[in-house]
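Undergrad:
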Amino acid sequence: MTHKIKRYGAALLWAVAAALTIAACFWLDNYWLRIWTSVLMYVAITQGLNVIVGFAGYHSFGNAAFFGTGAYGAAMLITAGWPLWAALLGTTAGGALLALLLGPPLLRLKGHYFAIATVALNAALAELILNVGGWTGGAQGISLPMSDMSPIALYRQVYLLMFGGAAAATLIVFWLSRSRFGYAVRASKDSEDGAKAMGINTTAVRVAAWMLSGAVTAYAGGVWAYWINFIEVGSAFDVSLSVKAYIMLLMGGMGSVVGPILGAAFFEVLATLVWSKFGALHNLMLGVLVCAVVLFVPRGVIIPMRRYFARRKSVGRAV
Amino acid sequence: MFAQTIVNGLLLGGVYGLATIGFSMVWGVMGIINLAHGAYIMIGAYIAVVAFNAFGIDPFMAIPLAMAVLFVIGFLIQRFLLNSVLKTGLLLSLALTFGVNLVLVDLFVAGFSSDLRSVRTSYGSDAIEIAGVLIPSVRLGACVLALLLAWGFHFFLSRSRHGQAILATALDREIAQTMGINPTLTYALTAGAGAALAGAAGCMAAMLFPVSPHLGNSFISAVFVITVLGGIGTLGGAIVAGFMFGLIQSAASAIWGVGTQEIVAFVFFLVALVLRPQGLFGRKYFGENT
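Here the protein sequences come in this chain order: W and P. Be aware that the first sequence starts at 5, since it is given in this note's numbering, and climbs by one per residue. Be aware that the second sequence starts at 27, since it is given in this note's numbering, and climbs by one per residue.
1. What number of angstroms, rounded off, separates the C-alpha of G313(P) from the C-alpha of I258(P)?
2. Rounded to a whole number of angstroms, what is the C-alpha to C-alpha distance between H7(W) and G13(W)?
3. Indicate the three-state DSSP secondary structure (helix, strand or coil) for L211(P) in the structure shown.
4. Expressed to the nearest angstrom, what Euclidean distance is found between the alpha-carbon atoms of L175(P) and V297(W)?
5. Taking Cβ-Cβ distances shorter than 8 angstroms, what residues in chain W pair up with F106(P)?
6. Which one of D132(P), E155(P), L118(P) and V126(P) has the shortest CA to CA distance from H116(W)?
7. Excluding sequence positions up to five away, which residues of its chain have a Cβ less than 6 angstroms from the Cβ of F101(P)?
8. Tell me where the beta strand (DSSP E) around L160(P) begins and ends.
9. Mind listing the chain W neighbours of V237(P)? Cutoff is C-beta to C-beta under 8 angstroms, in chain order.
10. Using a Cβ-Cβ cut-off of 6 angstroms (strictly less than) and excluding sequence neighbours within five positions of G64(P), which residues of its own chain qualify?
11. What do you reckon, are the CB atoms on S64(W) and E272(W) nearer than 7 angstroms?
12. Using DSSP's beta-bridge definition, name the partner residues of F81(P).
13. For G291(W), count the other beta carbons within 10 Å of its own beta carbon; 16 or more makes it buried, fewer makes it exposed. Which is it?
14. Determine the contact status of T253(P) and F49(P), defining contact as a CB-CB distance below 7 angstroms.
15. Closest Cβ-Cβ distance between D84(P) and chain W: below 7 angstroms?
16. Can you check whether the C-beta of I49(W) is within less than 7 angstroms of a C-beta belonging to chain P?
17. Keeping to the same chain, check which residues put their C-beta closer than 7 angstroms to that of I83(P); ignore five residues upstream and five downstream.
18. How would you list, in chain order, the residues of chain W whose beta-carbon sits under 7 angstroms from the beta-carbon of E288(P)?
19. Which residues in the same chain as I274(P) place their Cβ atom closer than 7 angstroms to its Cβ, once the five residues preceding and following it in sequence are excluded?
20. Using a Cβ-Cβ cutoff of 8 angstroms, what residues of the stretch 30-59 of chain P are near chain W? List them in chain order.
21. At a Cβ cut of 9 angstroms, what residues of the stretch 122-135 of chain P count as close to chain W, listed as they run along the chain?
22. Check the Cβ-Cβ distances between F250(P) and every residue of chain W, and say whether any is below 7 angstroms.
23. Could you spell out where the alpha helix (DSSP H) holding I289(P) opens and where it closes?
24. Do you know offhand how far G158(P)'s Cα is from M68(P)'s?
25. Going straight from the alpha carbon of G206(P) to that of V33(P), what length do you get?
26. By DSSP, does R105(P) sit in helix, in strand, or in coil?
27. Please list, in chain order, the chain P residues whose beta carbon lies closer than 7 angstroms to that of Y250(W).
28. In chain order, what residues of the stretch 58-92 of chain W put their CB closer than 7 angstroms to some CB of chain P?
29. I want to see whether chain W comes within less than 7 angstroms of V300(P), judged by CB atoms only; does it?
30. Starting from V298(W), find everything on chain B with Cβ-Cβ shorter than 8 angstroms and list it in chain order.
31. Is the CB-CB distance between A48(W) and A224(W) below 7 angstroms?
32. Answer yes or no: does any C-beta atom of chain W fall closer than 7 angstroms to that of L102(P)?
33. Given this structure, state the Cα-to-Cα distance separating G218(W) from I56(W), to the nearest angstrom.
34. Within 7 angstroms of any Cβ in chain W, is that where the Cβ of L197(P) sits?
35. Excluding the 5 residues preceding and the 5 following F86(P) in the sequence, name in chain order all residues of the same chain whose CB lies nearer than 6 angstroms to its CB.
36. Answer with buried or exposed for A214(W), where buried requires no fewer than 16 other C-beta atoms within 10 angstroms of its C-beta.
This is how it looks when you write it as structure tokens:
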């Protein structure tokens with residue numbers, strides 16, 4: 005009984021949080037709307053990273069490759085006259101397709117090797133787009149057509165689109181945390197041989213996980229391109245995007261559903277507040293922040309907190 | 027023209043190889059991918075720039091100074107930051123070195139601005155002509171010196187006690203400890219020596235490329251490619267792969283145009299990584315004792 009109440013309580017809590025997040029876009033001012041839009045974007049990216057790193061155990065350091073591909077895909081489709089929804093749909097599918105094509109060769113690599121291969125992939129895609137020219141705009145980047153909506157309506161639309169991405173990504177992670185497929189992904193991470201013995205096709209499971217990760221990240225990139233209206237290779241394929249998402253994942257705790265949300269919100273809001281004070285030195289502050297997280301809270305905040313409460317509970321019971 | 031491009035690229039290979047040795051050794055010995063390595067190269071380049079522009083010291087003469095400064099920087103960063111995350115695995119060390127890189131680069135942006143600086147020596151445009159191909163003397167000098175320094179480091183590794191300790195730790199961290207090798211010191215020493223070589227490469231880079239705080243970012247991708255091509259933690263592999271990298275890049279730019287050299291290098295890298303992840307000269311166990 006209490007178990008059921010707990011579960012409904014949690015569902016209710018999530019629903020209220022989602023409703024509040026949606027409602028927020030109608031009373032936030034422009035400044036905070038922008039910050040929270042970027043928080044939602046990072047929630048989507050971090051959850052996407054959570055799928056491949058937290059669940060599948062593959063350290064993708066170049067998920068910005070999907071973000072950049074998504075941004076360029078959406079920008080090119082929108083410029084070609086596709087409606088927004090179709091462009092975003094195409095972008096999301098494109099992200100999954102890219103992961104499907106690159107997954108089989110790259111996911112054979114383990115540990116370090118996979119991590120650098122993703123960094124190289126990111127750099128190679130960036131160079132490719134830079135040099136193809138024509139449709140991709142090469143070094144000039146792409147200017148998207150101006151929207152005919154009023155600015156505030158546009159920002160609200162972007163906010164809601166980002167919210168959709170963040171919510172979908174969180175639902176995917178939630179689903180992974182309790183579905184058959186999710187267990188298969190985690191089993192492949194913990195013991196490849198064991199998982200195979202249980203009849204799991206570990207390669208297929210990993211590729212599928214990377215496709216989910218790629219699709220979510222590409223969607224976020226697509227909305228981002230629509231949002232900022234001008235994209236170029238340097239900002240779309242920025243490795244520090246991957247690394248920021250990594251830090252958010254670290255802070256929140258890997259493999260947890262709620263962790264990446266808290267990590268993204270905390271980091272982005274903190275970073276924005278700090279950066280507005282430091283201006284030119286904001287990368288320095290980001291670097292210090294990254295080092296501080298790694299040195300002082302390397303296990304994130306969620307897992308130690310949960311453990312603390314669990315210990316208190318069991319101590320109480322023993323007494 | 028083709029031969030000229032190839033010669034220019036090949037001569038760069040030595041500098042690339044030298045820039046890679048430290049990165050490769052650190053990775054091989056302690057399993058850390060040091061993303062701040064590019065910043066070490068950049069600092070070396072700035073030492074050459076300041077020494078030349080403010081004090082008129084020849085960039086080749088500034089190399090010992092740069093090596094000494096970077097040895098200290100690399101040693102201290104390893105000892106007080108990186109050693110503490112060594113046992114926790116790949117992710118944290120990557121994130122931490124990324125953070126260190128951001129701090130170092132931004133410090134130089136603050137101190138020197140992002141403007142491009144260059145070192146123009148009186149002999150900067152001299153060249154020796156052999157069979158119609160011009161051999162730029164700066165590139166030749168840098169290449170020869172890079173090979174000498176690599177040879178010196180090889181000598182240090184194979185002949186000195188500390189060098190032997192580094193090699194033993196690369197082979198097997200635990201067994202090395204039971205032989206009485208102090209890991210903390212060995213790690214810091216490896217990082218310091220690697221940073222010193224990066225500093226020397228940076229001084230040479232200052233004569234060949236325009237210098238900005240972001241110089242390291244363009245180097246680090248080459249360093250990655252060369253490390254993996256040559257085999258992680260192998261000194262000779264880094265040098266040979268450095269020349270291969272210079273050759274591939276210059277051949278690509280001669281055949282398909284300058285813009286393609288990075289793509290070709292990365293595609294080559296990805297293919298090598300998938301087909302032969304231990305590198306062309308690496309042995310499987312190097313770099314895997316994380």
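Quick reminder that beta carbons are idealized off the backbone N, C-alpha and C, glycines included.
TA: Answer, in terms of the structure:
1. Translated into positions along the second sequence, residue 313(P) becomes position 287. Translated into positions along the second sequence, residue 258(P) becomes position 232. Note that G313(P) scores a pLDDT of 46, beneath 50, so its modelled location is shaky; the value from the coordinates is reported in the next line. Computed Cα separation, rounded: 6 angstroms.
2. Taking the first residue of the first sequence as position 1, residue 7(W) is located at position 3. Taking the first residue of the first sequence as position 1, residue 13(W) is located at position 9. Approximately 10 angstroms, taken between the alpha carbons.
3. Along the second sequence, one-based indexing puts residue 211(P) at 185. Helix, per DSSP.
4. On the second sequence, position 149 is the one that residue 175(P) refers to. On the first sequence, position 293 is the one that residue 297(W) refers to. Going by the C-alpha atoms only, they are around 37 angstroms apart.
5. Residue 106(P) sits at position 80 when you count from the first residue of the second sequence. The premise fails here: F106(P) is roughly 10 angstroms from chain W at the closest Cβ pair, so nothing lies under 8 angstroms.
6. By one-based count along the first sequence, residue 116(W) stands at place 112. It is L118(P) whose Cα lies nearest to the Cα of H116(W).
7. Here residue 101(P) corresponds to residue number 75 of the second sequence, with the count starting at 1. Here the set comprises A214 and G218.
8. To locate residue 160(P), count along the second sequence from 1; it is residue 134. Where L160(P) is concerned, the enclosing beta strand (DSSP E) stretches over V159 to P162.
9. Within the second sequence, numbered from 1, the residue matching residue 237(P) stands at position 211. Within 8 angstroms Cβ-Cβ: nothing; V237(P) doesn't reach chain W, min ~18 angstroms.
10. The sequence position of residue 64(P) within the second sequence is 38, counting from 1. Excluding sequence neighbours, G64(P) sits near G242, N243, F245 and I246.
11. Residue numbering aside, residue 64(W) sits at position 60 when the first sequence is read from its first letter. Residue numbering aside, residue 272(W) sits at position 268 when the first sequence is read from its first letter. No; because the gap between Cβ atoms is not below 7 angstroms, this pair is not in contact.
12. As a first step, residue 81(P) is located in the second sequence; it is residue number 55 there, counting from the start. None; F81(P) has no bridge partner.
13. Position 287 of the first sequence, counted from the first residue, corresponds to residue 291(W). Burial call: buried.
14. Here residue 253(P) refers to the residue found at position 227 of the second sequence. Here residue 49(P) refers to the residue found at position 23 of the second sequence. Yes. Within cutoff.
15. Taking the first residue of the second sequence as position 1, residue 84(P) is located at position 58. So no, D84(P) is outside the interface.
16. Along the first sequence, one-based indexing puts residue 49(W) at 45. I49(W) does not count as touching chain P.
17. Your numbering for residue 83(P) matches position 57 in the second sequence. Result list for I83(P): A77, in chain order.
18. As a first step, residue 288(P) must be located in the second sequence, where it is residue number 262. Result: E131.
19. Within the second sequence, numbered from 1, the residue matching residue 274(P) stands at position 248. V290, A291 and F294, listed in sequence order.
20. W53, G57 and I59
21. L122, F124, G125, V126, N127, L128, V129, L130, V131, D132, L133 and V135
22. On the second sequence, residue 250(P) is found 224 positions in, with the first residue counted as 1. It does: the Cβ of F250(P) has a partner Cβ on chain W nearer than 7 angstroms.
23. As a first step, residue 289(P) must be located in the second sequence, where it is residue number 263. First-last of the alpha helix (DSSP H) with I289(P): Q287 to L301.
24. Numbered from its first residue, the second sequence carries residue 158(P) at position 132. Numbered from its first residue, the second sequence carries residue 68(P) at position 42. Approximately 34 angstroms, taken between the alpha carbons.
25. In the second sequence, residue 206(P) corresponds to position 180, counting from 1. In the second sequence, residue 33(P) corresponds to position 7, counting from 1. If you take the alpha carbons of G206(P) and V33(P), they lie about 47 angstroms apart.
26. Position 79 of the second sequence holds residue 105(P). R105(P) falls in the helix class under three-state DSSP.
27. Translated into the one-based positions of the first sequence, residue 250(W) becomes position 246. Per Cβ cutoff of 7 angstroms: A121.
28. H63 and F65
29. Residue mapping note: residue 300(P) aligns to position 274 of the second sequence, counting from 1. Yes, because at least one Cβ of chain W sits closer than 7 angstroms to the Cβ of V300(P).
30. Protein chains in the displayed structure are W and P, and chain B is not among them.
31. Along the first sequence, one-based indexing puts residue 48(W) at 44. Along the first sequence, one-based indexing puts residue 224(W) at 220. In this structure, A224(W) lies closer than 7 angstroms to A48(W) by Cβ.
32. Position 76 of the second sequence, counted from the first residue, corresponds to residue 102(P). For L102(P), the answer is no, since every Cβ of chain W falls outside 7 angstroms of its Cβ.
33. For the purposes of this step, residue 218(W) is taken as residue 214 along the first sequence, with counting starting at 1. For the purposes of this step, residue 56(W) is taken as residue 52 along the first sequence, with counting starting at 1. Answer to the nearest angstrom: the Cα atoms are 9 angstroms apart.
34. In the second sequence, residue 197(P) corresponds to position 171, counting from 1. Closer than 7 angstroms: no.
35. The residue labelled residue 86(P) in the question sits at position 60 within the second sequence. There are no such residues.
36. By one-based count along the first sequence, residue 214(W) stands at place 210. Rather than Ala, the amino acid found at residue 214(W) in this sequence is Trp. The residue is buried, with at least 16 neighbouring Cβ atoms inside 10 Å.
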